[in-house]
Amino acid sequence: MIQTIRNAWRHEDLRGKMIFTLFILVIFRLGNAIPVPYVNTVALSHWFQGMETTILGLYNTMSGGAFEHATIFALSIQPYITASIVMQLLCMAIPYLERLQKEGGEEGKKKINKITRFGTAGLGLVMGFAYYLMLSNGGLLIPEAQGFWPGLIIVLTFTAGASLVMWLGEQITEFGIGNGISIILFAGIVSRFPVAIGNMIEGVRAPAGAWNAIPIWLIPVVLIGALLLVIFIVFIQNSDRKIPVQYAKRVVGRKMYGGQSTHLPIKLSMTGVLPIIFAQALASLPATVVVFVNPQEGGWLRAIGNFFDPSRPVYLVMYVLLIVFFSYFYSQVQFNPIEIANNLKKNGGYIPGFRPGKPTSDHLQKVLGKITLFGAVYLAFVAGLPILITMFSDAALRTGVALGGTSIIIVVGVALETVKNLENQMLMRHYKGFLDQ
Numbered sequence: 041m042i043q044t045i046r047n048a049w050r051h052e053d054l055r056g057k058m059i060f061t062l063f064i065l066v067i068f069r070l071g072n073a074i075p076v077p078y079v080n081t082v083a084l085s086h087w088f089q090g091m092e093t094t095i096l097g098l099y100n101t102m103s104g105g106a107f108e109h110a111t112i113f114a115l116s117i118q119p120y121i122t123a124s125i126v127m128q129l130l131c132m133a134i135p136y137l138e139r140l141q142k143e144g145g146e147e148g149k150k151k152i153n154k155i156t157r158f159g160t161a162g163l164g165l166v167m168g169f170a171y172y173l174m175l176s177n178g179g180l181l182i183p184e185a186q187g188f189w190p191g192l193i194i195v196l197t198f199t200a201g202a203s204l205v206m207w208l209g210e211q212i213t214e215f216g217i218g219n220g221i222s223i224i225l226f227a228g229i230v231s232r233f234p235v236a237i238g239n240m241i242e243g244v245r246a247p248a249g250a251w252n253a254i255p256i257w258l259i260p261v262v263l264i265g266a267l268l269l270v271i272f273i274v275f276i277q278n279s280d281r282k283i284p285v286q287y288a289k290r291v292v293g294r295k296m297y298g299g300q301s302t303h304l305p306i307k308l309s310m311t312g313v314l315p316i317i318f319a320q321a322l323a324s325l326p327a328t329v330v331v332f333v334n335p336q337e338g339g340w341l342r343a344i345g346n347f348f349d350p351s352r353p354v355y356l357v358m359y360v361l362l363i364v365f366f367s368y369f370y371s372q373v374q375f376n377p378i379e380i381a382n383n384l385k386k387n388g389g390y391i392p393g394f395r396p397g398k399p400t401s402d403h404l405q406k407v408l409g410k411i412t413l414f415g416a417v418y419l420a421f422v423a424g425l426p427i428l429i430t431m432f433s434d435a436a437l438r439t440g441v442a443l444g445g446t447s448i449i450i451v452v453g454v455a456l457e458t459v460k461n462l463e464n465q466m467l468m469r470h471y472k473g474f475l476d477q
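Using our numbering, the first residue of the sequence shown is number 41, and each one after it goes up by one.
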């Protein structure tokens, strides 16, 4: 990866794109440090302690700590990600959007992107209002924040911040090194690593018996475990199942086409990190409701919250089952065996040993089921391992397991994707067409 970045830096145009990307990331980090008006940030930081296991902790991790401090970029790219996922589902359910996506070409893609932008602004408004209600009900606003206009300013600031983050990501995609939204998400998560390392150092220096005391032997264990986890994730991310495809020979005029053998690659981890995000959002919902409502001890709502507490095995079992469910659901969204089989049939391709049409789609569905099961087990292992560690080690729980499975999958996946993008751009610049021969 380092060698690829060095080689890309030698190209003047790629160097300009990399500098532009770094400039956008600096703006993003500056926005993460500017608080929204009328918010008591000191009280909010204390209130957020212990929220790592709720959906608020997930938002805070994705935003690089901005959600915890109520900055203008507190919502980060969450509204855009949600709008994009909803748009994908709508393209499957609404025939007009499906035709626009498949047959609209570049113009159709622009219309879908435009609808996604409006959806991002709308979701940002809703999430900003929900955040304001949380601040208001929790007494986390300054006394001068009472009234309609201060509340309107807070909500519109959150909404504008979410829209600006989306725009910054689009600028990286168009004028930078590409994958703008993913790179912003990468930058937000990586920015939390120094804080986590600092907390671990303070825990080692703390006297024995202190609330944040961490045994020194835990540090190399965490580092070695994180390194092995990164190696495992890189191996899975670069692995795929290759299904052989044969194209029949056909004569068009005086020329003969086809007859070559190729393969259809299916990645072992095609769903990415989305099943983990959905599963964590639903599994942490009871704990999040308890945080918002703050019910009395002994009540039924408090009992439900304690039953689904993340430190209990029930939470881990539910979390794993939700990951498996969303893995199968999202794999069907991304990979349609019937459509793939029809495309192969139209182009004169077939899988050796299977007739074109329904037998081919049935075979692809069977292979997809096996790959999805493997991918679901892989995601459940990576995401559930930190939770399992916290159940048996209070010291690890106090570190917050900052290098959690979700964060590492996102960081490694974006890094690999960015490196491949740079390699492709360098390959295009080294390619000599037939005019240069």
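We put the beta carbon where it would ideally sit given N, CA and C, even for glycine.
- Rounded to the nearest whole angstrom, the C-alpha separation of R55 and F394 is 49 Å.
- When DSSP states are grouped into helix, strand and coil, G105 belongs to the coil group.
- Taking a contact as a CB-CB distance under 8 Å, the pair I112 and I74 counts as one, their CB atoms being some 5 Å apart.
- Here I152 is buried: its Cβ has 16 or more other Cβ atoms, across all protein chains shown, within 10 Å.
- Non-local C-beta neighbours of V205 in its own chain, meaning closer than 8 Å and more than five positions away in sequence, comprise F68, G71, F113, L115, S116, I117, Y120 and I224, ordered along the chain.
- Under the three-state reduction of DSSP output, P75 falls in the strand class.
- When the beta-carbon positions are compared, G228 and G105 come within less than 9 Å of each other.
- Ranked by Cα distance from S367, the first of A416, I380 and M468 is A416.
- Counting only the Cα atoms, E184 lies some 44 Å from M58.
- By the beta-carbon neighbour count (other beta carbons within 10 angstroms, threshold 16), M240 is buried.
- Of P426, V422 and D53, the smallest CA-CA separation from I273 is found for V422.
- Take I259, set aside five residues on each side of it, and the residues of its chain with a beta-carbon closer than 7 Å to its own are M240 and V244, in chain order.
- Annotation: G409 to I317 spans about 21 Å, alpha carbon to alpha carbon.
- A straight line joining the alpha-carbon of S124 with that of L140 spans about 15 Å.
- Assigned with DSSP and collapsed to three states, I427 falls in helix.
- Taken through DSSP and simplified to helix, strand or coil, L130 comes out as helix.
- In the same chain as F347, and ignoring 5 residues on each side of it, the C-beta atoms closer than 7 Å to its own belong to V354, in chain order.
- CA-CA distance, V454 to V230, rounds to 11 Å.
- Contact check between the segment 41–52 and the segment 184–204: fewer than three CB pairs, one atom from each, fall below 8 Å, which does not count as touching.
- In the DSSP annotation of this structure, the continuous segment of the alpha helix (DSSP H) that includes R46 starts and ends at I42 to W49.
- Straight-line measurement puts the Cα of I391 at about 9 Å from the Cα of L384.
- DSSP places V313 in the coil class of the three-state scheme, outside both helix and strand.
- Residue state for P396 is assigned as coil, using DSSP reduced to three classes.
- In the three-state scheme derived from DSSP, where H, G and I count as helix and E and B as strand, D53 is classed as helix.
- Put simply, the segment 300–319 touches the segment 356–376. At least three CB pairs are less than 8 Å apart.
- Here S222 is not near E379, since their CB atoms are 9 Å or more apart.
- Here I217 has K57, M58, T61, T458, N461 and L462 as same chain residues with Cβ atoms under 7 Å from its own Cβ, once five neighbours each way along the sequence are excluded.
- Within the DSSP bridge table, the entry for I194 names no partner.
- Under the three-state reduction of DSSP output, Q300 falls in the coil class, being neither helix nor strand.
- Closest by C-alpha distance to F275, out of L425, K386 and S309, is S309.
- The DSSP-derived three-state label of R342 is helix.
- Residue state for I217 is assigned as coil, using DSSP reduced to three classes.
- The straight-line gap separating the alpha-carbon atoms of S176 and I182 is approximately 9 Å.
- I427 sits buried, since 16 or more C-beta atoms from the chains shown fall within 10 Å of its C-beta.
- C-alpha of P326 to C-alpha of L314: approximately 20 Å in a straight line.
- For the pair A48 and M466, the Cα-to-Cα distance works out to about 7 Å.
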